[in-house]
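So the structure is just underneath, and the comments pick up after that.
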Amino acid sequence: AQSVTQPDIHITVSEGASLELRCNYSYGATPYLFWYVQSPGQGLQLLLKYFSGDTLVQGIKGFEAEFKRSQSSFNLRKPSVHWSDAAEYFCAVGAVNMRFGAGTRLTVKP
Amino acid sequence: DTEVTQTPKHLVMGMTNKKSLKCEQHMGHRAMYWYKQKAKKPPELMFVYSYEKLSINESVPSRFSPECPNSSLLNLHLHALQPEDSALYLCASSGRTSGDEQFFGPGTRLTVL
Chain A
82 AQSVTQPDIH ITVSEGASLE LRCNYSYGAT PYLFWYVQSP GQGLQLLLKY
132 FSGDTLVQGI KGFEAEFKRS QSSFNLRKPS VHWSDAAEYF CAVGAVNMRF
182 GAGTRLTVKP
Chain B
463 DTEVTQTPKH LVMGMTNKKS LKCEQHMGHR AMYWYKQKAK KPPELMFVYS
513 YEKLSINESV PSRFSPECPN SSLLNLHLHA LQPEDSALYL CASSGRTSGD
563 EQFFGPGTRL TVL
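Top to bottom, those sequences are chains A and B.
So that you can map any letter, position 23 of the first sequence is 104 in the numbering used here, and since no number is skipped, the others follow by simple counting.
So that you can map any letter, position 18 of the second sequence is 480 in the numbering used here, and since no number is skipped, the others follow by simple counting.
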């Protein structure tokens with residue numbers, strides 16, 4: 082069965098600092114992997130996705146993620162965080178019946 | 463148009479009421495989804511429609527009844543809900559049921575009294 086683990090429930094970083102959000106997945110085949118962001122009370126916005134090919138994926142808003150099959154990981158990174166990045170971040174795996182991780186709440190300190 | 467719209471934004475209903483949530487997309491997507499999201503939790507898949515046919519029902523109680531009248535429209539009919547059904551209901555669509563990213567609407571905040 083497919084599943085996703087986001088080990089960090091809450092992360093606080095200073096504005097301008099780098100960011101890495103962790104995601105580990107369990108999937109029987111080549112996974113479809115996604116990172117979504119959600120602001121309070123809003124829908125989800127896709128940041129980036131991985132289906133195949135280059136394991137370093139570029140997304141919107143300056144985010145990138147690296148697929149590491151050997152570690153079953155798909156960590157999200159950003160070199161310099163902006164205050165507007167404060168939100169809930171969800172890693173997800175699958176295609177039709179997509180499964181989400183529990184989410185990581187990002188707080189940005191001025 | 464790369465948008466999924468949902469109406470209403472907020473809904474308050476009693477346990478004996480019947481109401482409906484509406485979702486619309488004009489991206490030509492052939493797969494549409496309903497998710498339920500409780501506070502501080504991830505979205506949970508409820509239903510998937512593929513080419514206007516129900517393809518997945520994640521063992522959702524019958525008080526939730528989905529309907530896909532056409533390829534652009536998805537409804538969720540609600541009847542005899544319980545207070546624990548209060549949540550954010552998200553609609554999404556994708557080009558295919560396999561592999562394409564899902565585009566999410568802003569959600570309907572449902573409160574059951």
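In this text, a Cβ means the ideal position worked out from N, Cα and C, and glycines have one as well.
Residues of its chain near residue i, where Cβ-Cβ distance is below 6 Å and the 5 sequence neighbours each way are ignored
i: B:MET494; result: TYR511, LEU536 and SER555
i: B:HIS541; result: LYS480 and ARG525
i: A:ALA183; result: GLN87
i: B:LEU575; result: GLY476
i: B:LEU550; result: GLN499, GLY569 and ARG571
i: B:GLU529; result: ASN537
Straight-line Cα distance separating residue j from residue i
i: B:VAL466; j: A:THR111; result: 28 Å
i: A:ALA187; j: A:ILE92; result: First, the amino acid is wrong: residue 187 of chain A is Leu here, not Ala. Cα to Cα, the separation comes out at about 5 Å.
i: B:MET475; j: B:LEU538; result: 14 Å
i: A:ALA167; j: B:HIS488; result: 30 Å
i: A:GLN126; j: B:THR573; result: 24 Å
i: B:TYR527; j: A:LYS190; result: Looking at the sequence itself, residue 527 of chain B is Ser, so the reference to Tyr does not match. Each residue's alpha carbon lies about 44 Å from the other.
i: A:TYR108; j: A:VAL85; result: 9 Å
i: B:GLU563; j: B:GLU546; result: 29 Å
i: A:GLY140; j: A:ALA146; result: 8 Å
i: A:LEU114; j: A:TYR131; result: 5 Å
i: B:SER521; j: A:VAL177; result: 16 Å
i: A:GLY175; j: A:ASN105; result: 13 Å
i: A:ARG103; j: A:MET179; result: 18 Å
i: B:LEU516; j: B:LEU483; result: 17 Å
i: A:GLU96; j: B:LYS502; result: 24 Å
Neighbouring residues, chain B, relative to residue i (Cβ below 7 Å)
i: A:ALA98; result: Within 7 Å Cβ-Cβ: nothing; A:ALA98 doesn't reach chain B, min ~25 Å.
Given residue i as reference, the closest of the options once Cα atoms are compared
i: B:LYS498; options: A:GLY124, A:ILE90 and A:SER95; result: A:GLY124
i: B:ASN532; options: B:HIS472, B:LEU473 and B:CYS485; result: B:CYS485
i: B:THR469; options: B:CYS553, B:PHE565 and B:ASN519; result: B:CYS553
i: B:LYS565; options: A:TRP116, A:LEU137 and A:TRP164; result: Strictly speaking, residue 565 of chain B in this sequence is Phe, with Lys absent from that position. Comparing Cα positions, the closest option is A:TRP116.
i: A:GLU169; options: A:LYS149, A:SER151 and A:PRO121; result: A:PRO121
Cβ neighbours of residue i in the same chain (closer than 8 Å, five flanking residues each side left out)
i: A:VAL94; result: LEU100, VAL162, LEU187, THR188, VAL189 and LYS190
Chain A residues whose Cβ lies nearer than 8 Å to that of residue i
i: B:LEU516; result: Result: empty, since nearest Cβ-Cβ is about 12 Å, beyond 8 Å.
i: B:GLY569; result: GLY122, GLN123 and GLY124
Proximity test, residue i beta-carbon vs the ligand MG heavy atom, cut-off 7 Å
i: A:GLY124; result: The ligand MG is absent from the structure shown, which contains no ligands of any kind.
Chain-ordered chain A contacts of residue i [CB-CB under 7 Å]
i: B:PRO504; result: PHE171, PHE181, GLY182, ALA183 and GLY184
i: B:GLN564; result: MET179
Going residue by residue through the segment 466 to 549 of chain B, where are the continuous alpha helix (DSSP H) segments of at least 4 residues, counting only ones entirely within it? DSSP runs (the alpha helix (DSSP H)) wholly in the segment 466 to 549 of chain B: none.
Where in the segment 102 to 180 of chain A do unbroken runs of the beta strand (DSSP E), each at least 3 residues long, occur, reported from the N-terminal end onward? For the segment 102 to 180 of chain A, whole beta strand (DSSP E) runs of length 3 or above, ordered along the chain, are 105 to 107, 114 to 119, 125 to 131, 137 to 139, 145 to 149, 154 to 159 and 168 to 174.
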